[in-house]
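Written out below as structure tokens is the structure these notes cover.
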Amino acid sequence: MAHATNTQFSVAVHLATLLAGRPGELVDSVELALSPATNPVHARRILGRLREAGLVHSHAGPKGGWSLSVPPEALTLADIWTAINADSPVLGVHLPNPACPIGQTVTTNLHRQDTLARQALLTTLSQTTIAHLLTP
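With our numbering, letter number 103 in the sequence shown gets 151, and the count goes up by one each step, no holes.
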């Protein structure tokens, strides 16, 4: 059986693109959650990670909401990937039995491959900005 895919990155991109499409406005999490079909709590958790990375900011209060901190032309998908995933492995390398020499070798080599995959992913994602995604 296949495992569920983590969609936090795609929801984060969706939310950032929504904010980019509403420059100068504060958009609340209830409204933001509608388009990616998620709930406001999940949207706020994701936006919180983007805020910690300095990509968005929030304003509290009844007329508060979220807005981008970075111009859409400068905000890359790599920035969002890093904000959401930090240093998490791309390949999901498992931990083998410590007594197994083959397992140790495989894990070491997979960690190297994970580093290469992460570098390739970030290189590719750095070529696309949120402004690109606003273009039909």
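Every residue, glycine too, gets a C-beta built ideally from N, C-alpha and C.
All figures in this text were calculated on a predicted structure; none of them were measured in a lab.
From what residue to what residue does the beta strand (DSSP E) around residue i run?
i, result
"Val104", "104-107"
"Leu116", "113-116"
At which residues does the alpha helix (DSSP H) containing residue i begin and terminate?
i, result
"Ser77", "77-82"
"Glu100", "88-100"
"Val138", "That residue, Val138, is in no alpha helix (DSSP H); it is neither H nor E in DSSP."
"His40", "Past the boundaries of the shown model lies residue 40; the chain is included only from 49 to 184, so the question cannot be answered."
"Ala68", "56-68"
Quick one, which of the options has its alpha-carbon nearest residue i's?
i, options, result
"Ile178", "Gly151, Gly102, Ala108, Pro119", "Pro119"
"Leu125", "Thr55, Val61, Asp162", "Val61"
"Leu123", "Val59, Glu100, Val104, Lys111", "Val104"
"Asp162", "His142, Ser83, Trp114, His90", "His142"
"Val75", "Leu95, Arg160, Leu164", "Leu95"
Excluding the 5 residues preceding and the 5 following residue i in the sequence, name in chain order all residues of the same chain whose CB lies nearer than 7 angstroms to its CB.
i, result
"Pro88", "Ser77, Val78, Ala81"
"Met49", "Residue placement at Met49 is flagged as unreliable, the pLDDT there being 49, under the threshold of 50; a coordinate-derived value is accordingly withheld."
"Leu173", "Thr124, Leu125, Ala126, Trp129"
Straight-line CA distance for residue i to residue j?
i, j, result
"Gln167", "Arg70", "32 angstroms"
"Leu67", "Ala108", "16 angstroms"
"Ala101", "Asn157", "31 angstroms"
"Phe57", "Pro84", "12 angstroms"
"Gln152", "Thr176", "37 angstroms"
"Thr155", "Gly113", "44 angstroms"
Here's a check: name, in chain order, each residue in its chain whose Cβ is nearer than 6 angstroms to the Cβ of residue i, leaving out the five neighbours to either side.
i, result
"Arg97", "Ala131, Ile132"
request  = Spell out a yes or no on whether the segment 148-157 and the segment 122-137 are touching, meaning 3 or more CB-CB pairs, one atom from each, closer than 8 angstroms.
outcome  = no
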